[in-house]
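Here our numbering is used: the first residue of the sequence shown is 5, the next is one more, and so on. Idealized CB from N, CA, C, for every residue including glycine. Reading through the structure tokens given below for one structure.
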Amino acid sequence: MSHPLLEAKGISHGFDTLLFSNVDFSLAPGHSAAIVGRSGSGKSTLLHIFSTFIQPNAGRVILLDQDIYALKENKVEALRRFDIGIIFQFHYLFKGMSAKENVEVATMLSGSEIEDALLEKLEIKELMGQKIGELSGGQQQRVSIARVLSKKPRIIFADEPTGNLDKETAELVMDVLLDYIRENGAGLVLVTHDESMSSRCEKQYRLEDKILKEVR
Ligand SMILES: Nc1ncnc2c1ncn2[C@@H]1O[C@H](COP(=O)(O)OP(=O)(O)O)[C@@H](O)[C@H]1O
Ligand SMILES: [Mg+2]
């Protein structure tokens with residue numbers, strides 16, 4: 005296996021009670037991994053731990069060769085700005101701005117450019133001039149995915165990104181995410197409830213009984 009993008013070792017965390025312990029996880033360039041599990045099992049928490057946002061009670065996370073919880077704040081900010089793409093179920097777009105302006109916010113910060121091919125694949129090229137408030141939920145979610153991918157992240161963390169989408173749009177979003185990581189040697193960690201989405205990833209894990217198990 006090539007040198008991993010993400011390597012987590014011995015991760016334990018809980019809030020009032022223990023959520024999970026001794027989680028080991030690794031993701032190679034060009035690969036995708038899905039994490040499934042019941043609501044409340046700690047999937048979102050684990051994703052936040054992998055992506056610099058929550059320091060675990062125990063364990064180490066090496067993200068893009070950096071020990072993220074032993075890193076200076078400015079290095080963490082650089083990772084977030086340039087290297088990490090985060091996609092949530094509920095997108096955080098600026099409502100009064102156009103779709104194009106929303107994507108430009110990301111490309112200006114990271115110094116990249118908006119690619120027409122990406123907008124075409126997401127089927128949003130024609131609506132980039134419209135205000136976010138005029139778009140449907142599914143269109144808004146695709147704009148938010150364009151915003152994340154336009155900054156050319158090396159690893160994408162997606163938390164239920166297709167949870168609010170119809171089946172066809174969900175498949176389109178998965179196509180775009182998987183094409184992106186393969187074309188760019190990036191990685192995808194996907195949290196989902198949806199079997200048909202998780203089965204499209206190379207590896208599937210289940211968070212259950214406070215441990216992360218590889219499925220199949
Ligand atoms: N910041 C927090 N403070 C206290 N408890 C939290 C916090 N974040 C999550 N939890 C609790 O941890 C548990 C797991 O949450 P979460 O990781 O969101 O699970 P999942 O994504 O699998 O549904 C839940 O019981 C939730 O209420
Ligand atoms: Mg969650």
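- Item | Exposure of Ser6, with buried meaning 16 or more beta-carbon neighbours within 10 Å | exposed
- Item | CA nearest to the CA of Gly41, picked from Leu68, Glu164 and Glu124 | Glu164
- Simplified DSSP assignment, three categories, for Glu212: strand
- Closer than 7 Å: Gly167 CB and nearest ligand 1 heavy atom: no
- Can you list, in chain order, the residues of its chain whose CB lies under 8 Å from that of Gln134, leaving out five sequence neighbours each side? Excluding sequence neighbours, Gln134 sits near Ser102 and Ala103.
- Please state whether DSSP places Gln144 in a helix, a strand or coil. Assigned with DSSP and collapsed to three states, Gln144 falls in helix.
- Message: Residues around ligand 1, please: the ones whose beta-carbon is closer than 6 Å to some heavy atom of it, in chain order.
- Response: Qualifying residues, in the order they occur: Phe19, Leu23, Gly41, Ser43, Gly44, Ser45, Gly46, Lys47, Ser48 and Thr49.
- Message: According to DSSP, is Lys207 part of a helix, a strand, or is it coil?
- Response: Correct three-state label for Lys207: strand.
- Message: Here's a check: name, in chain order, each residue in its chain whose Cβ is nearer than 7 Å to the Cβ of Pro157, leaving out the five neighbours to either side.
- Response: Asp87, Ile88, Gly89 and Ala190
- So, is Phe94 buried or exposed, given that buried needs 16 or more other C-beta atoms within 10 angstroms? exposed
- Query: Alpha carbon to alpha carbon, what distance is there between Leu51 and Asn26?
  - Reply: 15 Å
- Just to check, is the beta-carbon of Asp163 closer than 7 Å to a non-hydrogen atom of ligand 2? yes
- Apply the 10 Å Cβ neighbour rule to Tyr209 and answer buried if 16 or more other Cβ atoms are within range, or exposed otherwise. buried
- Nearest to Met178 (by Cα), restricted to the options Ile159, Lys155 and Ile149: Ile149
- Hey, could you find the ends of the beta strand (DSSP E) Arg64 is sitting in? Ala62 to Leu67
- Query: In three-state terms, what does DSSP make of Asp170?
  - Reply: coil
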